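Student: Dropping the structure in here first, questions after.
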Amino acid sequence: MGTYMKSLFSLAALGLLTSFTLSAKTVSVDHQLGTTTIEQNPQRVVVIGLGALDTLDRFGIEPVAVSKVTELPNYLAKYNSDTYAPAGSLFEPDFETIYMQKPDVIVIGPRAATSYDELSKIAPTIVFAADASQGYWQSTQQQWRNLGKVFAIEDQVEAKIEDLDKQFQALRSFNQNNQIDALTVMSSGGNITAFGPESRFSAVYKDFGFKTTVDSIKATRHGDLISYEFIREHDPKTLLIIDRDTLVNKGQSHTRQEFENDLIKATAAYKNKSMAFLDLNAWYLSISGVTATEQMISDVRNAVHIH
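Reading the sequence shown from the start, the letters are residues -24 to -1, 1 to 283 in mature numbering (1 follows the signal peptide of the UniProt record, and there is no 0).
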């Protein structure tokens, strides 16, 4: 039995694992896997997930350990340094290392949610994950407010929400008033899949106000398989592309060149320069992060030519 398990059992037996200092203020936050009660303004923070790391970074919260991934965007690159202990991958936490950091709180993203119960034995654990069924922006606000409550930074969080909410409203009104439709697709491994308003990219329709180009797209996790002919046939005004190949192939991708074909060039989106490649980190990796959300807004502004 490792140091982590032996120590964990000892702490549990003594009833110390969930004890709180009597003088400390405690707060409770609701998240996807339950309600977590924690001492406010914890000092030793472990983060597993890019969206949570993005958000804490923007609000000046310094973690002691983070999940180490090669896909970190430039603005989070410092977290790959040895200054921050390795908390495992996005999917598989390193329980031993996390325990040795003596965390006051653990914040995890959706990819590590299956480890919630085990992590909760080490320290109070919060799931930071948007719920697509609620709508990206509404659910994202709740994730930020949870962290605002935990770290006593509610004023900063509300100021940022107010600022971005105005931008969401402006883009949504513009797209709705002009009846602008969009087709959202992903390129991965030679396949093109489409996503609709009930998918992981629901923000395109629910939050940014685009009409669906095609109403019959199946709501599957990995998208509905389509072709270039399909795109040409339905002729979207706006074509939004997520290039997953850049992630799978470590930055190498021919997707942009492949979309420069006669079928795509015949669409309204291409002719009007409304074919846009979305930021992969913002839309696919650092989901619900503050910087990621700002990038999403910027991507949509560029797609509909609002500057």
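In this text, a Cβ means the ideal position worked out from N, Cα and C, and glycines have one as well.
Predicted, not measured: the structure shown is a model, and the values here were computed from it.
With distances taken Cα to Cα, identify the nearest neighbour of Val280 among Glu130, Gly185 and Gln119.
Tutor: Gly185
Student: By DSSP's criteria, Ala135 is part of a beta bridge. Which residues make up the other side?
Tutor: Beta-bridge pairing links Ala135 to no other residue.
Student: Using the beta-carbon count (16 or more within 10 Å), is Ala135 buried or exposed?
Tutor: Classification of Ala135: exposed, given that the 10 Å Cβ count is below 16.
Student: With DSSP run on the structure shown, which of helix, strand or coil describes Glu174?
Tutor: Three-state DSSP puts Glu174 in coil, outside helix and strand.
Student: Look at Ala99 and Asp80 and say whether their C-beta atoms are less than 8 Å apart.
Tutor: yes
Student: Which residues in the same chain as Pro39 place their Cβ atom closer than 6 Å to its Cβ, once the five residues preceding and following it in sequence are excluded?
Tutor: Val21 and Val23
Student: Cutting at 7 Å between CB atoms, please list the residues of its own chain near Ala88, excluding the five before and the five after it.
Tutor: Here the set comprises Ile24, Gly25, Leu66, Phe67 and Pro69.
Student: In whole angstroms, what separates the C-alpha of Ser264 from that of Asp211?
Tutor: 30 Å
Student: What's the call for Asn154, buried or exposed, on a 16-neighbour Cβ count within 10 Å?
Tutor: exposed
Student: Check this for me: beta carbons of Val180 and Val3, under 8 Å apart or not?
Tutor: no
Student: Taking Cβ to Cβ, would you say Glu47 is nearer than 8 Å to Leu261?
Tutor: Less than 8 Å separates the beta-carbon of Glu47 from that of Leu261.
Student: How many Å lie between Met251 and Leu215 at the Cα?
Tutor: 5 Å
Student: Buried or exposed: which applies to Arg220, given that a residue is buried once 16 or more other Cβ atoms fall within 10 Å of its Cβ?
Tutor: The residue is buried, with at least 16 neighbouring Cβ atoms inside 10 Å.
Student: Need the endpoints of the beta strand (DSSP E) that Ile156 sits in, please.
Tutor: First-last for Ile156: undefined, no H or E at that position.
Student: Should Val276 and Arg34 be called a contact, given that it needs their Cβ atoms to be closer than 8 Å?
Tutor: no
Student: CB Thr13 to CB Trp120, shorter than 8 Å?
Tutor: Result no, Cβ atoms of Thr13 and Trp120 do not sit closer than 8 Å.
Student: To the nearest angstrom, report how far apart Thr196 and Ile217 are at their CA atoms.
Tutor: 17 Å
Student: Should Leu216 be counted as a contact of the ligand NAD given a C-beta to heavy atom distance under 7 Å?
Tutor: Summarising the ligand content, the structure contains no ligands, and the ligand NAD is consequently not present.
Student: Pick from Gly165, Asp255 and Asp93: whose alpha carbon is nearest that of Glu234?
Tutor: Gly165
Student: Give a yes or no on whether the C-beta atoms belonging to Leu159 and Ile273 are separated by under 8 Å.
Tutor: no
Student: Using a Cβ-Cβ cutoff of less than 8 Å, which residues in the same chain neighbour Ala(-13) once the five nearest sequence positions on both sides are dropped?
Tutor: Residue placement at Ala(-13) is flagged as unreliable, the pLDDT there being 49, under the threshold of 50; a coordinate-derived value is accordingly withheld.
Student: Looking only at C-alpha atoms, which of Gly172, Val190 and Tyr92 sits nearest to Phe9?
Tutor: Here residue 9 turns out to be Leu, not Phe, going by the sequence shown. Closest option to Leu9, Cα to Cα, is Tyr92.
Student: Just to confirm, are Lys169 and His198 a CB contact at a threshold of 8 Å?
Tutor: Before going on, a small fix: residue 169 reads as Thr here, not Lys. Against a cut-off of 8 Å, the Cβ pair of His198 and Thr169 comes out as a contact.
Student: Indicate the three-state DSSP secondary structure (helix, strand or coil) for Thr243 in the structure shown.
Tutor: In this structure, Thr243 counts as coil in the three-state DSSP scheme.
Student: Does DSSP put Ile218 in a helix, a strand or coil?
Tutor: Note: Ile218 maps to strand in three-state DSSP.
Student: As a quick exercise: from Phe150, Ala28, Trp259 and Tyr55, pick the residue whose alpha carbon is nearest that of Tyr112.
Tutor: Trp259
Student: Using only alpha-carbon positions, find the residue among Asn50, Gln16 and Glu94 that is nearest to Ala268.
Tutor: Comparing Cα positions, the closest option is Asn50.
Student: Consult DSSP for Gly111 and reduce its assignment to one of helix, strand or coil.
Tutor: coil
Student: Under 8 Å, do Ala128 and Asn17 count as touching if we go by C-beta distance?
Tutor: yes
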